[in-house]
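Trainee: For the sequence shown, my numbering puts the final residue at 581, and the numbers step up evenly by one.
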Amino acid sequence: MSGFVHLHVHSEYSLLDGACRIKELVRTIKEMGQTAVAITDHGVMYGCYDFYKECINNGIKPIIGCEVYEAPGSRHEKGGNIGRNEYYHLILLCKNSTGYKNLCRLVSRGFTEGFYQKPRIDKELLKRYSEGLIALSACLVGKIPKLLLADRFEDAVRAVEEYKEIFGEDNFYIELQDHGIKEQRQIYPYLLRLAKKTNTPLVATNDAHYLKKEDSFVQRVLTCISTNTRLDDKSSLTFPTDEFYLKTEREMRELFPPDAIDNTVKIAEKCNFAFDEGKLILPHFKVEGWDNNEAYFDYLVDKGRGEHYGNNPHPDIISRIEHEKNVIKKMDFVDYFLIVADYVEYARRHNIAVGPGRGSGAGSVCAYCLHITDVDPIQYNLLFERFLNPERVSMPDFDIDFCYIRRQEVIDYVVNKYGRDHVTQIAAFDTMKARGSVRDAARVMGIPYADADRIAKLIPGGPGGTIEAALTPGSELMKIVQSDSNIARLIDTAKKLQGTPRNLSVHPAGVVITREPVDEYVPLCKSREDTITQFEKGAVEGLGLVKMDVRTVCRLNYSETKTKPAELYA
Numbered sequence: 012m013s014g015f016v017h018l019h020v021h022s023e024y025s026l027l028d029g030a031c032r033i034k035e036l037v038r039t040i041k042e043m044g045q046t047a048v049a050i051t052d053h054g055v056m057y058g059c060y061d062f063y064k065e066c067i068n069n070g071i072k073p074i075i076g077c078e079v080y081e082a083p084g085s086r087h088e089k090g091g092n093i094g095r096n097e098y099y100h101l102i103l104l105c106k107n108s109t110g111y112k113n114l115c116r117l118v119s120r121g122f123t124e125g126f127y128q129k130p131r132i133d134k135e136l137l138k139r140y141s142e143g144l145i146a147l148s149a150c151l152v153g154k155i156p157k158l159l160l161a162d163r164f165e166d167a168v169r170a171v172e173e174y175k176e177i178f179g180e181d182n183f184y185i186e187l188q189d190h191g192i193k194e195q196r197q198i199y200p201y202l203l204r205l206a207k208k209t210n211t212p213l214v215a216t217n218d219a220h221y222l223k224k225e226d227s228f229v230q231r232v233l234t235c236i237s238t239n240t241r242l243d244d245k246s247s248l249t250f251p252t253d254e255f256y257l258k259t260e261r262e263m264r265e266l267f268p269p270d271a272i273d274n275t276v277k278i279a280e281k282c283n284f285a286f287d288e289g290k291l292i293l294p295h296f297k298v299e300g301w302d303n304n305e306a307y308f309d310y311l312v313d314k315g316r317g318e319h320y321g322n323n324p325h326p327d328i329i330s331r332i333e334h335e336k337n338v339i340k341k342m343d344f345v346d347y348f349l350i351v352a353d354y355v356e357y358a359r360r361h362n363i364a365v366g367p368g369r370g371s372g373a374g375s376v377c378a379y380c381l382h383i384t385d386v387d388p389i390q391y392n393l394l395f396e397r398f399l400n401p402e403r404v405s406m407p408d409f410d411i412d413f414c415y416i417r418r419q420e421v422i423d424y425v426v427n428k429y430g431r432d433h434v435t436q437i438a439a440f441d442t443m444k445a446r447g448s449v450r451d452a453a454r455v456m457g458i459p460y461a462d463a464d465r466i467a468k469l470i471p472g473g474p475g476g477t478i479e480a481a482l483t484p485g486s487e488l489m490k491i492v493q494s495d496s497n498i499a500r501l502i503d504t505a506k507k508l509q510g511t512p513r514n515l516s517v518h519p520a521g522v523v524i525t526r527e528p529v530d531e532y533v534p535l536c537k538s539r540e541d542t543i544t545q546f547e548k549g550a551v552e553g554l555g556l557v558k559m560d561v562r563t564v565c566r567l568n569y570s571e572t573k574t575k576p577a578e579l580y581a
């Protein structure tokens with residue numbers, strides 16, 4: 012492992028604050044010759060899975076973490092005398108799977124129990140869910156730096172001892188930072204003295220919010236977009252220096268004592284969490300009167316076969332059904348078929364309009380016999396292998412449409428069957444589009460709206476519209492960029508903004524069902540009143556969790572769902 016590891020890094024998922032795009036972050040770490048890196052976004056774990064995958068694919072050791080918000084008292088105290096910014100930062104890093112589960116629980120409860128301006132946790136939660144975690148004292152907003160700035164050294168000593176009692180002697184570190192900020196240099200000698208008095212190891216971090224020094228401008232623009240301010244606004248919450256980037260080992264060693272640098276590697280070596288992928292995690296599905304789910308599956312399929320094809324179907328149909336059964340059993344998807352069949356049957360039984368089925372799932376005769384779909388694959392020569400193939404092990408996915416007026420009834424049924432803490436909707440992220448990036452950056456930079464609008468309209472709209480697509484040689488936008496330095500900087504900034512996650516939303520159809528409570532697998536958050544996963548659809552599927560697509564269509568009569576034009580399923 013290299014001689015220094017960044018343990019305090021904010022990715023693009025510190026929304027409108029972090030400017031470290033995950034792919035570029037990992038590439039930069041690799042180019043610098045560093046072999047590990049942590050992700051520690053503000054109060055969330057949105058990007059952890061994508062970060063993990065990108066690191067693994069590039070030979071970099073991923074360290075999963077979060078910069079949590081700690082309430083000064085109870086997380087349940089809200090309003091009243093509590094100010095908007097009364098919380099402390101604390102860095103938490105996962106050592107192992109226990110630490111990951113505990114971090115998920117902490118971050119989830121920050122949203123579901125402690126949210127007030129920020130998703131806050133408290134000492135009670137830290138004591139309950141500290142196993143498997145390493146804690147760092149964080150930046151100037153950490154409890155210990157705040158106490159030192161208030162000239163309360165003995166209280167800082169007690170705070171260190173309390174953190175060490177919570178996390179264990181070897182799992183708490185006093186964090187050193189130097190971004191050229193007066194307050195950091197003011198408390199620096201006191202941090203060293205505190206570490207010596209409490210026999211607590213030091214660790215050096217750089218609170219990276221962007222990749223390179225020159226990217227500080229983009230991060231300032233992001234912050235102004237978030238706070239609806241301009242760069243020339245004195246009230247903007249932009250950083251006072253341009254030192255919050257991914258520094259090299261050499262740069263860090265010039266700033267900090269050797270042991271604080273060496274401890275970054277020791278911490279990285281302790282952190283060995285890996286996501287458990289490639290294994291389907293099905294919720295417990297039980298049917299009264301049946302001890303064997305495979306036998307129940309056979310019974311339902313054979314019953315449906317008789318209903319669709321009669322008592323003496325063609326041998327080819329029997330052969331096709333038996334083949335599908337064998338594949339479904341071999342790939343351990345029996346329970347998945349039963350789960351989907353169960354909630355579809357509930358909808359039909361309660362006269363909730365259900366679509367006939369879409370996508371590759373319509374190619375399964377077993378799904379047809381289970382009444383999951385209403386399309387006869389035999390009649391339309393549809394291939395089962397497009398849906399489920401032993402050579403390409405992936406989670407099958409039934410796209411089921413429900414009447415939008417009564418869709419929630421289906422979800423409520425699933426919640427009641429498996430438990431509220433076992434069922435939740437899935438996150439999605441709205442990203443900054445090309446034209447919007449230009450308009451947002453222009454407003455922050457003080458460029459008149461008319462000019463920004465004129466420039467934005469030179470960029471193609473729609474999903475495929477990018478700034479790069481409009482910068483072809485000889486194009487009008489290219490001519491303006493080449494002749495106007497202000498517009499050139501605007502376009503360069505907007506290029507770095509486009510595609511950045513802007514805000515959290517809810518996937519329009521995805522609902523996840525888990526065997527254990529959802530936050531055993533993924534962290535949760537709030538989107539308005541909805542509790543949802545912090546991971547997007549791809550990450551949920553990658554972890555092997557069961558995702559049901561409860562899609563909505565216009566209000567329909569059940570009879571209208573019987574139409575089966577073959578071209579819809581080809």
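Every residue gets a Cβ at the ideal spot worked out from N, C-alpha and C, and that includes glycine. Computed from a predicted model, the values in this text were never measured in an experiment.
How far does the beta strand (DSSP E) with Pro156 in it reach, from first residue to last?
Mentor: Along the sequence shown, read from residue 1 onward, the residue named residue 156 stands at position 145. Careful: Pro156 lies outside any beta strand (DSSP E), inside the alpha helix (DSSP H) at 154-160.
Trainee: List the residues that DSSP assigns as beta-bridge partners of Cys536.
Mentor: Translated into the one-based positions of the sequence shown, residue 536 becomes position 525. Paired residues: Ile543.
Trainee: Would you mind sorting Leu248 into buried or exposed? The rule is 16 or more other CB atoms within 10 Å of its CB.
Mentor: Within the sequence shown, the letter at position 237 stands for residue 248. Answer is exposed; the Cβ neighbour count stays below 16.
Trainee: How is the beta strand (DSSP E) around Ile50 delimited, first residue to last?
Mentor: Translated into the one-based positions of the sequence shown, residue 50 becomes position 39. Residues 47-50.
Trainee: Would you mind listing the alpha helix (DSSP H) stretches within the segment 411-471 that are 4+ residues and don't spill past its ends, in chain order?
Mentor: Counting only runs of 4 or more, we get 418-429, 445-456, 460-467.
Trainee: Any contact between the segment 323-340 and the segment 143-162? By contact I mean 3 or more CB pairs, one from each, below 8 Å.
Mentor: The segment 323-340 vs the segment 143-162: no contact.
Trainee: Closer than 8 Å by C-beta to Glu356: which residues in its own chain qualify, once you throw out the five before and the five after it? Chain order, please.
Mentor: By one-based count along the sequence shown, residue 356 stands at place 345. If we look at Glu356 and ignore the five residues flanking it on each side, its Cβ neighbours are His382.
Trainee: Leaving out five residues on either side along the sequence, give the residues of the same chain with a beta carbon under 7 Å from the beta carbon of Ile198.
Mentor: Locating residue 198 in the sequence shown gives position 187, where the first residue counts as 1. Pro156, Leu159, Leu160, listed in sequence order.
Trainee: Take every Cβ of the segment 546-555, pair it with every Cβ of the segment 282-293, and state whether three or more of those distances are shorter than 8 Å.
Mentor: At 8 Å Cβ cutoff, the stretches touch.
Trainee: So, with DSSP's three-state summary, where would you put Pro576?
Mentor: Here residue 576 refers to the residue found at position 565 when the sequence shown is read from its first residue. Since pLDDT at Pro576 reaches only 35, below the 50 mark, its modelled position is unreliable, and no value is offered.
Trainee: Just to confirm the assignment, what range does the alpha helix (DSSP H) spanning Tyr184 have?
Mentor: Translated into positions along the sequence shown, residue 184 becomes position 173. No alpha helix (DSSP H) contains Tyr184, which is instead part of the beta strand (DSSP E) from 183-187.
Trainee: Assign Arg539 to one of two classes, buried (16 or more other C-beta atoms within 10 Å of its C-beta) or exposed (fewer than that).
Mentor: Taking the sequence shown and counting its residues from 1, the one referred to as residue 539 is at position 528. Answer is exposed; the Cβ neighbour count stays below 16.
Trainee: Rounded C-beta distance between Val312 and Val16? I'm assuming under 8 Å.
Mentor: The residue you call residue 312 lines up with position 301 of the sequence shown. The residue you call residue 16 lines up with position 5 of the sequence shown. Actually they do not touch by this definition, with Cβ atoms about 53 Å apart.
Trainee: To the nearest angstrom, how far is the alpha carbon of Asp408 from that of Phe398?
Mentor: On the sequence shown, residue 408 is found 397 positions in, with the first residue counted as 1. On the sequence shown, residue 398 is found 387 positions in, with the first residue counted as 1. Looking at the two C-alpha atoms, the distance is approximately 8 Å.
Trainee: Which residue spans inside the segment 47-110 form an unbroken alpha helix (DSSP H) run of at least 4?
Mentor: Listed in chain order, they are 59-68.
Trainee: What runs of the alpha helix (DSSP H), each 4 residues or longer, lie entirely inside the segment 209-297?
Mentor: Runs of the alpha helix (DSSP H) inside the segment 209-297: 227-238, 260-264, 269-281.
Trainee: Among the residues of its own chain, which have a CB less than 6 Å from the CB of Asn69, if the five just before and after it don't count?
Mentor: The count along the sequence shown starts at 1 and reaches residue 69 at position 58. Only Val37, Lys41 meet the Cβ criterion.
Trainee: What's the call for Arg86, buried or exposed, on a 16-neighbour Cβ count within 10 Å?
Mentor: Here residue 86 is taken as the residue at index 75 of the sequence shown, counted from 1. Buried is the call here.
Trainee: Three or more C-beta pairs closer than 8 Å, one from the segment 424-443 and one from the segment 386-394: is that the case here?
Mentor: The segment 424-443 vs the segment 386-394: no contact.
Trainee: Just list the alpha helix (DSSP H) runs in the segment 357-396, keeping only unbroken ones of 4 residues or longer that don't cross its boundaries, in chain order.
Mentor: Correct list: 376-380.
Trainee: Could you pull out every residue in the same chain whose Cβ sits closer than 6 Å to the Cβ of Ala550, ignoring the five residues on either side in sequence?
Mentor: In the sequence shown, the residue the question calls residue 550 occupies position 539. For Ala550, where only same-chain residues beyond five positions count, the Cβ hits under 6 Å are Tyr60.
Trainee: Between Lys207 and Glu531, what straight-line distance do the alpha-carbon atoms span, to the nearest angstrom?
Mentor: Sequence index remark: in the sequence shown, residue 207 carries index 196 (1-based). Sequence index remark: in the sequence shown, residue 531 carries index 520 (1-based). Lys207 and Glu531: Cα-Cα distance of roughly 38 Å.
Trainee: Which value, in whole angstroms, describes the spacing of the CA atoms of Gly374 and Thr109?
Mentor: Counted from its first residue, the sequence shown places residue 374 at position 363. Counted from its first residue, the sequence shown places residue 109 at position 98. Rounded to the nearest angstrom, the two C-alpha atoms are 41 Å apart.
Trainee: Should Asp243 go down as buried or exposed, given a rule of 16 or more other Cβ atoms within 10 Å for buried?
Mentor: For the purposes of this step, residue 243 is taken as the residue at position 232 of the sequence shown. That one is exposed.
Trainee: For Cys105 and Asn283, what's the separation of their Cα atoms in angstroms?
Mentor: Here residue 105 is taken as the residue at index 94 of the sequence shown, counted from 1. Here residue 283 is taken as the residue at index 272 of the sequence shown, counted from 1. Roughly 8 Å separates the two Cα atoms.
Trainee: Given a threshold of 16 other Cβ atoms within 10 Å of its Cβ, counted over all protein chains shown, does Met12 qualify as buried or as exposed?
Mentor: On the sequence shown, residue 12 is found 1 positions in, with the first residue counted as 1. Label assigned to Met12: exposed.
Trainee: Determine the contact status of His19 and Cys31, defining contact as a CB-CB distance below 8 Å.
Mentor: Locating residue 19 in the sequence shown gives position 8, where the first residue counts as 1. Locating residue 31 in the sequence shown gives position 20, where the first residue counts as 1. Contact: no.
Trainee: By how many angstroms is the C-alpha of Glu97 removed from the C-alpha of Glu88?
Mentor: Sequence index remark: in the sequence shown, residue 88 carries index 77 (1-based). Sequence index remark: in the sequence shown, residue 97 carries index 86 (1-based). C-alpha separation (whole angstroms): 11 Å.
Trainee: One question on the structure: do Val229 and Ile278 come within less than 8 Å of each other, judged by their Cβ atoms?
Mentor: Here residue 229 refers to the residue found at position 218 of the sequence shown. Here residue 278 refers to the residue found at position 267 of the sequence shown. Cβ distance not < 8 Å, so Val229 and Ile278 don't count as in contact.
Trainee: Can you tell which of Arg465, Ala480, Asn427, Ala463 has its C-alpha closest to the C-alpha of Pro471?
Mentor: Numbered from 1 along the sequence shown, position 460 holds the residue referred to as residue 471. For Pro471, the nearest C-alpha among the options comes from Ala480.
Trainee: Three or more beta-carbon pairs under 8 Å between the segment 248-266 and the segment 187-194, yes or no?
Mentor: Verdict: yes, contact present.
Trainee: Would you mind stating whether Asp28 and Ile236 have Cβ atoms separated by less than 8 Å?
Mentor: Position 17 of the sequence shown, counted from the first residue, corresponds to residue 28. Position 225 of the sequence shown, counted from the first residue, corresponds to residue 236. Cβ atoms of Asp28 and Ile236: not closer than 8 Å.
Trainee: Nearest to Ser405 by CA position, among Leu488, Ile339, Val232, is which residue?
Mentor: Residue mapping note: residue 405 aligns to position 394 of the sequence shown, counting from 1. Cα-wise, what sits closest to Ser405 is Ile339.
Trainee: What are the start and end residues of the alpha helix (DSSP H) that includes Arg163?
Mentor: For the purposes of this step, residue 163 is identified with residue 152 of the sequence shown, where counting begins at 1. Element bounds for Arg163: n/a, residue is neither H nor E.
Trainee: Please state the DSSP three-state secondary structure of Leu482.
Mentor: Position 471 of the sequence shown, counted from the first residue, corresponds to residue 482. Three-state result, Leu482: coil.
Trainee: Pull up the distance between the alpha-carbon of Glu592 and that of Val517, whole angstroms please.
Mentor: Past the boundaries of the shown model lies residue 592; the chain is included only from 12 to 581, so the question cannot be answered.
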